[in-house]
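> After the structure tokens below, expect a handful of questions from me.
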């Protein structure tokens, strides 16, 4: 099981469900769109600090980003 893939897929799914672009979500979370794109593609290893920022920007709990779908 690749957690980076699971987290990236959950972020992408939740972002799209909220009608946000990568740029909008990255701005809300306070970091570069390039980093967010890398997280969604499982190319970046997201830290707990950024996982929480992404969850806050999406209005979900951090654990929701770790859920297996």
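In our numbering, the protein residues as written are 5 to 73.
Ideal Cβ positions, reconstructed from N, Cα and C, are used throughout, including at glycine.
In this text the structure is predicted, and so the values were computed from the model without any measurement.
(1) Since residue 14 is in the alpha helix (DSSP H), which residue starts that stretch and which ends it?
(2) Using DSSP with H/G/I as helix, E/B as strand and the rest coil, what is residue 67?
(3) Under a Cβ-count criterion, where at least 16 other Cβ atoms within 10 Å of its own Cβ denotes burial, should residue 44 be classed as buried or exposed?
(4) With DSSP collapsed to three states, give me the class of residue 48.
(5) Going along the chain, which residues of its own chain have a beta-carbon closer than 8 Å to the beta-carbon of residue 7, five neighbours each way excluded?
(6) Between which two residues does the alpha helix (DSSP H) harbouring residue 36 extend?
Reading off the structure:
(1) As a first step, residue 14 must be located in the chain shown, where it is residue number 10. Secondary structure note for residue 14: its alpha helix (DSSP H) is the uninterrupted segment 7-21.
(2) Indexing the chain shown from 1 puts residue 67 at position 63. Helix at residue 67.
(3) For this step, residue 44 is matched to residue 40 along the chain shown. Burial call: buried.
(4) For this step, residue 48 is matched to residue 44 along the chain shown. DSSP places residue 48 in coil when its eight states are reduced to three.
(5) Here residue 7 is taken as the residue at index 3 of the chain shown, counted from 1. The residues are 70.
(6) Translated into positions along the chain shown, residue 36 becomes position 32. Note, residue 36: premise wrong, no alpha helix (DSSP H); not H, not E.
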